[in-house]
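Here the sequence shown stands for residues 1 to 498, numbered as in the UniProt record's numbering.
Every residue gets a Cβ at the ideal spot worked out from N, C-alpha and C, and that includes glycine.
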Amino acid sequence: MAKLLALSLSFCFLLFSSCFALREQSQQNECQLERINALEPDNRIESEGGLIETWNPNNRQFRCARVALSRATLQRNALRRPYYSNAPQEIYIQQGNGYFGMVFPGCPETHEEPQQSEQGEGRRYRDSHQKVNRFREGDIIAVPTGIAFWMYNDQDTPVIAISLTDTGSSNNQLDQMPRRFYLAGNQEQEFLRYQHQQGGKQEQDNDGNNIFSGFKRDFLEDAFNVNRHIVDRLQGRNEDEEKGAIVKVKGGLSIIAPPERQARHERGSRQEEDEDEKEERQPSHHKSRRDEDEDDKEKRHSQKGQSRRQGDNGLEETVCTAKLRANIGSSPSPDIYNPQAGRIKTVTSLDLPVLRWLKLSAEHGSLHKNAMFVPHYNLNANSVIYALKGRARLQVVNCNGNTVFDGELEAGRALTVPQNYAVAAKSLSERFTYVAFKTDDRASIARLAGTSSVIDDLPLDVVAATFNMQRNEARQLKSNNPFKFLVPPRQSEMRASA
1 MAKLLALSLS FCFLLFSSCF ALREQSQQNE CQLERINALE PDNRIESEGG
51 LIETWNPNNR QFRCARVALS RATLQRNALR RPYYSNAPQE IYIQQGNGYF
101 GMVFPGCPET HEEPQQSEQG EGRRYRDSHQ KVNRFREGDI IAVPTGIAFW
151 MYNDQDTPVI AISLTDTGSS NNQLDQMPRR FYLAGNQEQE FLRYQHQQGG
201 KQEQDNDGNN IFSGFKRDFL EDAFNVNRHI VDRLQGRNED EEKGAIVKVK
251 GGLSIIAPPE RQARHERGSR QEEDEDEKEE RQPSHHKSRR DEDEDDKEKR
301 HSQKGQSRRQ GDNGLEETVC TAKLRANIGS SPSPDIYNPQ AGRIKTVTSL
351 DLPVLRWLKL SAEHGSLHKN AMFVPHYNLN ANSVIYALKG RARLQVVNCN
401 GNTVFDGELE AGRALTVPQN YAVAAKSLSE RFTYVAFKTD DRASIARLAG
451 TSSVIDDLPL DVVAATFNMQ RNEARQLKSN NPFKFLVPPR QSEMRASA
């Protein structure tokens, strides 16, 4: 009997190990990419107050990076209904200004209405809620797994928000399919059609229910201590499906927020963001004809990281008071700057500590016409590059030395660059701007050309012997490019464009 039990346990262990190995092999095979494409959204769901567009997460390059991408557009007085996701998100505000909020379980309601009502109306209900934040163009917003999130546009300019969901995160205990759990409405969940295409089990015959719709009415009546009419509204019964995930708010929302912040926002002032920048780091002096010295930035980040690790007692920043956004789109202190080539600004967990929880970071770049960023690769992260404006020619090379992408990336398209794949780009427009989402909170790059690159840091004789060239040729390879990352256009290109 004991032998039979031992044999059964051995068989189960072997079966489990085989399944795990197959799963790991399947995930690795997803990244054996021979061709990468610049992709547009292939699904569009319109709502009363805007629309949501999604890229197919079943595409091999997204499955390799284990991420999903979507784009939301909110019109004036449009509210994106609260929802939470099975994986962390980074949201980049491409255009517009407005409000956003998150609900962290257990955190206090720090925003309250005034205690006394106006004009002697008598005592009435006083609303209170968790902190509400403003966002503006160029912001990165960090949304943790399972945290309810909403956003609202109170301006005339439509808000365009690009969202990356990291389904490969260890915080995601479901499958690799992104899922939105809506708290209201009966709209279609934007990624559900891809789940059906994948052959997964359908949630219900009605694909448009919110999280409360599956509960029986009497449960909700008891849980909220309200009548059936309110429960019907909670469950989205008889609601017009065309209202969707983004609804119009008649007359606008009344937000409890400090009046001085509202006034600054209405004037278009950047005072608040500039104060944040001063707290994080002092602006660097621009260097003529050269990139800003990245070594200085790396030293600052290294010292900052070391001091945090040495003195970190777990109370440095609580969840309830964590800063949830940082602006990288119009920062007065870019990390890399060349007046003839462009600028680069990054945000990591050293700048925005909440990203340490999400294990994500981001980069915003701007290139002048015919300027380029040198061939480089990400040491520890996959990258999804989304073109914001203009177009550029990009080349991506895999571990076999094969070109997996050689083409144009234009505004509205996204390109996945897997970890360690080499990438370079040259702008074809007067100004090419992009945002790159990266799947590590301290994503690092290694440059393959220019000053302080891998080639430049090799001994001269090693370079000569490696590439079978003369010493003077090796010297040219090491030193002819005096720039670190951003390379201005050649003189002939500048004259031609003029």
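What does the Cβ neighbour count give for residue i, buried or exposed, with the cut at 16 atoms within 10 Å?
i: residue 345; result: buried
i: residue 230; result: exposed
i: residue 166; result: buried
i: residue 128; result: exposed
i: residue 35; result: exposed
i: residue 307; result: Caution is warranted here: a pLDDT of 44 is assigned to residue 307, below 50, making its placement in the model unreliable, and the coordinate value is therefore given only provisionally. Residue 307 is exposed by the Cβ-count criterion.
i: residue 379; result: exposed
i: residue 173; result: exposed
i: residue 223; result: exposed
i: residue 487; result: buried
i: residue 90; result: buried
i: residue 396; result: buried
i: residue 491; result: exposed
i: residue 180; result: buried
i: residue 282; result: Caution applies to residue 282, whose pLDDT of 41 falls short of 50 and renders its modelled position unreliable; the value that the coordinates give is listed next. When all chains shown are included, residue 282 counts as exposed.
i: residue 476; result: exposed
i: residue 463; result: buried
i: residue 26; result: With a pLDDT of 46 at residue 26, under the threshold of 50, the predicted position of this residue should be treated as unreliable, and no value is reported.
Over the uninterrupted beta strand (DSSP E) stretch that includes residue i, give me the two end residues.
i: residue 405; result: 403-410
i: residue 103; result: 98-103
i: residue 416; result: 414-417
i: residue 483; result: Run containing residue 483: none; DSSP gives neither H nor E here.
i: residue 126; result: Where residue 126 is concerned, there is no enclosing beta strand (DSSP E), given that its DSSP letter is neither H nor E.
i: residue 95; result: 89-95
i: residue 73; result: 68-74
i: residue 254; result: Residue 254 -> no beta strand (DSSP E), and no H or E assigned at all.
i: residue 43; result: 43-47
i: residue 80; result: 78-85
i: residue 244; result: Neither: residue 244 is in no beta strand (DSSP E) and is coded neither H nor E.
i: residue 54; result: 50-54
Just tell me which of the options has its CA closest to the CA of residue i.
i: residue 86; options: 444, 113, 148; result: 148
i: residue 192; options: 354, 68, 38; result: 68
i: residue 342; options: 485, 107, 101; result: 485
i: residue 442; options: 143, 40, 359, 190; result: 359
i: residue 95; options: 158, 33, 42; result: 158
i: residue 182; options: 385, 449, 488, 236; result: 236
i: residue 426; options: 406, 413, 48, 440; result: 406
i: residue 250; options: 49, 219, 475, 188; result: 49
i: residue 142; options: 327, 454, 460, 412; result: 327
i: residue 458; options: 479, 489, 444; result: 479
i: residue 474; options: 355, 461, 219; result: 461
i: residue 499; options: 351, 100, 370, 368; result: Residue coverage of the chain in this structure runs from 1 to 498, which leaves residue 499 outside it and unanswerable.
i: residue 411; options: 382, 419, 396, 366; result: 366
i: residue 184; options: 172, 169, 195, 212; result: 212
i: residue 113; options: 339, 329, 255, 464; result: 255
i: residue 348; options: 336, 195, 338, 444; result: 444
i: residue 164; options: 466, 489, 233, 63; result: 63
Skipping 5 residues on each side, what residues in its chain have a beta carbon closer than 6 angstroms to that of residue i?
i: residue 92; result: 140, 162, 435
i: residue 409; result: 38, 387, 392, 394, 415
i: residue 398; result: 404, 421
i: residue 136; result: 97
i: residue 450; result: 374, 481, 483, 484
i: residue 319; result: 104
i: residue 243; result: 48
i: residue 489; result: 370, 371
i: residue 456; result: 478
Identify, in the order they occur along the chain, each residue of the same chain with its Cβ nearer than 7 angstroms to the Cβ of residue i, setting aside the five sequence neighbours on each side.
i: residue 80; result: 72, 74, 150, 151, 245, 246
i: residue 65; result: 382, 384, 416, 418, 439
i: residue 41; result: 53, 54, 55, 71
i: residue 248; result: 48, 49, 77, 78
i: residue 239; result: 185, 186
i: residue 125; result: none
i: residue 171; result: 87, 88, 145
The alpha helix (DSSP H) spanning residue i covers which residue range?
i: residue 500; result: Only positions 1 to 498 of the chain appear in the structure, and residue 500 is not among them; the question remains open.
i: residue 231; result: 228-234
i: residue 65; result: 60-65
Can you list, in chain order, the residues of its chain with a C-beta nearer than 8 angstroms to that of residue i? Leave out the 5 residues immediately preceding and following it.
i: residue 429; result: 369, 389, 390, 391, 392
i: residue 204; result: Residue confidence is low: residue 204 scores 47 on pLDDT, short of 50, so the model does not pin down where it sits. Its coordinate-derived value is still stated next. Cβ within range, chain order: 214.
i: residue 60; result: 30, 33
i: residue 155; result: 76, 96, 97, 98
i: residue 111; result: 128, 129, 130, 131, 132, 256, 257
i: residue 24; result: Caution applies to residue 24, whose pLDDT of 45 falls short of 50 and renders its modelled position unreliable; the model cannot decide the point.
i: residue 252; result: 77, 154
Residue ranges of each beta strand (DSSP E) within the stretch 136-224, 3 or longer = 139-143, 148-153, 159-165, 180-182
Could I get the ranges of all uninterrupted beta strand (DSSP E) runs contained in the UniProt domain "Cupin type-1" (326-475), with 3 residues as the minimum, in chain order?
-> 336-338, 342-347, 361-368, 372-378, 383-389, 391-397, 403-410, 414-417, 422-427, 431-438, 445-447
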